[in-house]
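To keep things clear, I will list the structure first and then write my remarks on it.
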Amino acid sequence: IAHNGKCADRIMSRTPAKSFHSLLRTNFAPYVPEHGGNRMILNSIYSLTFALRKNGKESVLGGKIPGNMYSCFIKNEPNLRFLSCNTRKYSSSSSNDDNVEVWTVLSSAKFGKKYKGPQENLPNELVKDVTGQMLQSLERSIGLEAGSLWNVKDAHVGGGIVLDYKLQLWGAAVPLNTWSSSSTEGGFLYDAENGVGACGDWLLHPSIGGAWESGRRLANWIVEDLEDRKKKGEGSSVGLPPDGKFVRSVAASQAGIASFK
């Protein structure tokens, strides 16, 4: 099981692996209790990618951001957490349009929770509302004049400086706590009796690196478990309750978009 959130819960809900399944149940919130909570807690984040018309070498937004800055955390605007310039990141691409600059901005978890909608079918009015609020928040954060990126008259594709945009809700985004057991292996779950394992960033630390390392550890354990079954006739479980507890990830809670180590 490499999913988390509702998917993993549903996949395992009717299996005999009850102890294993109990850890896959999820709550969604922008924060986690100091004691770590009793379930996995995931936040929700909006990702907005938008294309701006350039005025000369840069767009109105690009002109406010140093040319050597590709990405940055946003700490002066409660609705936002991260900004990145796709055009600068992929500047060597031959497909770049010299008249267009593309950016991606991520919301805060609190904002994502407040305006959460059906992830695969966001209503048009919600998309327009969230997009407008995120761009207006970016104007405030960067110090742009109100209406520089988004206003009522230009709130449509092809209007004003915003040429196009795509809003995506990351409903089951970042784990704000991680499962920690006394097992010396750690970083994954394995139910030897039912032959099922789980990996993911919520079992190590909330990041791409944490997810990858968790998967590597589980893969190695499965190989060892197969050898043990050949020799001993049985395998060994790892990380199952009651051995363990959820621990608050301070780094993920502070950054909002991942745990950075």
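The numbering of the sequence shown is our numbering, which starts it at 2 and goes up by one.
Ideal Cβ placement from N, Cα and C applies to all residues, glycine included.
_Taking 7 Å as the limit between beta carbons, can you name the residues of its chain near residue 57, skipping five residues before and five after?_
none
*Which residues in the same chain as residue 217 place their Cβ atom closer than 8 Å to its Cβ, once the five residues preceding and following it in sequence are excluded?*
none
*If you follow the beta strand (DSSP E) that residue 102 is part of, which residue opens it and which one closes it?*
101 to 108
*residue 190 vs residue 49 beta-carbon contact at 9 Å*: no
*Looking at residue 5 and residue 176, is the spacing between their C-beta atoms short of 9 Å?*
yes
*Does the beta-carbon distance from residue 213 to residue 178 come in below 9 Å?*
no
*asked:* Considering Cα atoms alone, identify which of 15, 60, 68, 125 is closest to residue 100.
replied: 60
_Cutoff 6 Å; reference residue 159; Cβ partners in own chain excluding five residues on either side_ = Note on residue 159: pLDDT 46, under 50, position unreliable in the model; the coordinate value appears next. So no residue of the chain qualifies.
*Three or more beta-carbon pairs under 8 Å between the segment 161 to 168 and the segment 127 to 141, yes or no?*
yes
_Please report the distance separating the alpha-carbon of residue 28 from that of residue 244._
21 Å
_Can you tell me where the alpha helix (DSSP H) holding residue 83 begins and where it ends?_
First-last for residue 83: 81 to 86, but that is the beta strand (DSSP E), not the alpha helix (DSSP H).
_Taking DSSP's pairing of strands, which residues face residue 72 in a bridge?_
85
*Looking only at DSSP bridge pairs, what is residue 167 linked to?*
50
*By the 10 Å Cβ neighbour count, where 16 or more other Cβ atoms means buried, how is residue 261 classified, buried or exposed?*
exposed
*asked:* By the three-class DSSP mapping on this structure, what secondary structure does residue 151 have?
replied: coil
*Anyone know if the C-beta pair for residue 103 and residue 83 falls short of 9 Å?*
no
*Determine, using beta carbons only, whether residue 226 and residue 18 come nearer to each other than 9 Å.*
no
*Run through DSSP, which three-state label would residue 190 get?*
strand
*Can you tell me the Cα-Cα spacing of residue 234 and residue 241, whole angstroms?*
21 Å
*Own chain residues within Cβ distance below 6 Å of residue 52, not counting five before or after*: 101, 103, 164, 165
*Shortest alpha-carbon distance to residue 144 belongs to which of 128, 183, 75, 200?*
75
*Anyone know if the C-beta pair for residue 34 and residue 249 falls short of 9 Å?*
yes
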